[in-house]
Amino acid sequence: MLTQARLEQALWAAAQALRGAIDAADYRGVILGAVFLKRLSDVADEGEGASFAVPPEARWRTLRAVERRVGEALDRACASLERANPSIAGVLTATGFRQPHRLGPMDQRDRALRRLLDALDPVPLGNAALPDPDVLGRAYEYLIARFADDAGRKGGEFYTPRGVVKLLVEILDPREGMRVCDPTCGSAGMLVAVAQRASARGHDPRALTLHGQEKNAATWALARMNLLLHGLPGARIEHGDTLREPKLLSPNGLCRYHRVIANPPFSLADWGRELAAGDAHGRFRFGVPPRARGDLAFVQHMVATLDDGGVAAVVLPQGALFRGGAEAEIRRGMLREGLVDAVIALPDGLFHGTPIPASVLVLRKGREVGAGVFMVDARGDYEAGPRQNSLRDRDIERITAALRTREATAGVAASVPVEALLEGDAALSPAGHVGGARSRAPVALGEALEALERQARARDDAERAMHLALARLKSRG
């Protein structure tokens with residue numbers, strides 16, 4: 468049987484076959500699609516315990532014998548698997564092994580894909596080597612984390628750092644029988660963590676209802692594979708734009724949940740403001756956010772999907788907590804209804820490729836109107852790293868203990884009356900309310916964060932322009 472460490476080492480070595488031949492933000496889908504193909508084939512070859520039908524053209528030995536047009540053979544294998552197993556329709560074909568913009572001309576593509584298959588070939592992925600599917604699932608998470616690290620800023624689009632995920636899950640305390648949703652689920656790491664946390668507390672993870680929606684097709688496919696490899700085939704993951712076209716619906720409208728967990732894209736531009744006024748689900752009753760900042764649009768969607776007594780934990784850029792105008796009116800409306808339970812200011816440098824400071828907003832439906840908001844300044848609780856900082860277990864415990872006891876601690880935590888928050892722009896940034904050595908003047912902080920956001924957007928624009936220019940040069944050459 469493979470140990471976790473040996474499996475991770477073997478899979479990362481396989482991923483190296485594509486380094487240099489493909490952009491780091493893309494090769495995650497290619498390597499993970501190949502891993503998934505081999506897993507299904509190896510289990511089918513064992514003859515027992517197979518959950519999926521694997522046609523002859525999708526067997527690993529068949530694919531290993533292909534010398535030319537390897538990408539086409541892999542795509543045919545994916546299509547045949549989906550035809551034989553309707554429950555995974557669209558999951559494998561989203562990889563697109565033969566897409567030329569990913570792996571270059573055919574000869575180069577064939578060489579890269581053969582190297583990948585050669586590297587994976589000695590790694591046994593059947594049930595005999597991996598009787599616990601979560602071993603492969605954890606290795607899968609390891610690969611996604613490594614891909615996010617390599618992909619830089621783009622990595623944040625599909626991966627949330629493990630420490631942040633653990634903090635959110637600890638806050639939500641999921642239990643069997645609960646309905647849990649991640650409306651911007653990326654590769655479904657948060658939903659997997661919800662199931663793992665419930666299991667660690669003695670609850671049956673199969674008794675959880677897990678739902679998610681993801682806009683990016685390739686990332687949606689990763690999410691489906693991730694959940695399947697963790698032994699969670701019953702999770703419902705929809706593909707589509709959560710704000711423009713929510714797909715997690717019931718006969719009565721939006722599905723309702725006991726817990727909602729999310730890390731939406733920071734300050735998403737063009738999020739669908741033109742449709743908000745006529746929203747069929749009435750999600751934007753507190754107000755319509757600015758066109759270039761969709762943070763509080765996602766928050767209002769989550770509020771609309773919370774069941775009575777439900778709790779949501781969402782990661783937001785700090786600016787969403789203090790900006791004025793329409794966003795201040797939205798915060799004011801949520802405060803008046805008692806929805807805002809707690810706010811946690813996170814350390815800088817936790818997220819891949821972005822300098823924007825972040826916080827966790829905790830919402831609770833059914834709180835007493837007028838109840839105060841508990842604020843925690845956790846900006847100093849982290850372990851510094853060479854490329855990014857991280858939350859340690861003791862940092863997470865310190866934060867969650869403060870939320871449980873709700874005891875004020877000078878410079879760290881305080882319960883703030885709603886009346887005080889409703890003054891001015893209903894600012895929810897802990898730095899402006901906790902006091903002590905960690906606090907900042909709210910106006911000065913706001914200006915600094917606004918500047919950081921502008922710089923990040925300018926960098927994104929420059930990066931897009933560079934990629935377009937490179938694509939034009941390639942097409943000419």
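Letter by letter, the sequence shown follows residues 468 to 944 of the working numbering.
We put the CB at the ideal spot given by N, CA and C, even for glycine.
Just so you know, these numbers come straight off a predicted model, no measurement behind them.
- The bridge partners DSSP lists for H748 come to none.
- Going by DSSP, G800 is part of the alpha helix (DSSP H) stretching over 793 to 803.
- R726 is bridged by DSSP to V647, V778.
- Boundaries of the beta strand (DSSP E) around F841: 840 to 844.
- Rounded to the nearest whole angstrom, the CA to CA distance from L735 to V770 is 18 angstroms.
- Around the Cβ of T470, a 10 Å sphere holds fewer than 16 other Cβ atoms; the residue is exposed.
- Exclusion of the five residues before and after E524 leaves R543, A544, S547 as the residues of its chain whose Cβ lies within less than 7 angstroms of its Cβ.
- Each of T651, P672, P650 was checked against the Cα of A660, and the nearest Cα belongs to P672.
- In the displayed model, E539 falls within a helix according to three-state DSSP.
- In the structure shown, L597 falls within a coil segment according to DSSP collapsed to helix, strand and coil.
- Taking a cut-off of 8 angstroms for Cβ pairs, the segment 645 to 663 and the segment 528 to 537 do not touch, as fewer than three such pairs fall below it.
- Under the criterion of beta carbons closer than 8 angstroms, S896 and L788 qualify as touching, at roughly 5 angstroms.
- The C-beta of D574 has fewer than 16 other C-beta atoms within 10 Å across all chains shown, which makes the residue exposed.
- L763 is positioned such that its CB atom lies closer than 9 angstroms to that of I797.
- Around the CB of L716, fewer than 16 other CB atoms lie within 10 Å, so the residue is classed as exposed.
- Annotated three-state conformation of S734 is coil, per DSSP.
- In the assembly as shown, L639 is a buried residue. Its beta-carbon has 16 or more other beta-carbons within 10 Å.
- The shortest CA-to-CA distance from A868 to any of I728, L889, V843 is the one to V843.
- Beta-carbon to beta-carbon, R664 and V636 are separated by about 5 angstroms, close enough to satisfy the 8 angstroms threshold.
- Annotation: D737 to G761 spans about 8 angstroms, alpha carbon to alpha carbon.
- Under the three-state reduction of DSSP, D808 is assigned to strand.
- In the displayed model, R550 falls within a helix according to three-state DSSP.
- In the structure shown, T529 adopts helical secondary structure according to DSSP, grouped into three states.
- Segment contact: the segment 574 to 589 against the segment 667 to 687, fewer than three CB-CB distances shorter than 8 angstroms; contact not assigned.
- When the Cα atoms are used, I866 and G557 turn out to be separated by approximately 40 angstroms.
- Taking C-beta atoms as the reference points, L583 and A501 count as a pair closer than 9 angstroms.
- Bridge partners of I704 according to DSSP: G679.
- A contact is defined here as three or more CB-CB pairs under 8 angstroms, and the segment 885 to 895 fails this definition with respect to the segment 641 to 652.
- Secondary structure of E608 (DSSP, three-state): helix.
- For E864, the secondary structure class from DSSP, reduced to helix, strand or coil, is helix.
- With fewer than 16 other CB atoms across the displayed protein chains lying within 10 angstroms of its CB, L889 is exposed.
- Within its own chain, the residues whose Cβ lies closer than 6 angstroms to the Cβ of R506, once the five positions on either side in sequence are excluded, are L592, listed in chain order.
- In the pairwise beta carbon analysis, the segment 471 to 483 is classified as not touching the segment 509 to 526: fewer than three pairs are separated by under 8 angstroms.
- Here T709 is near H768, since their CB atoms are less than 9 angstroms apart.
- Per DSSP, reduced to three states, the secondary structure at P756 is coil, with no helix or strand assignment.
- Relative to the Cα of N856, the nearest Cα in the group P822, E864, V836 belongs to P822.
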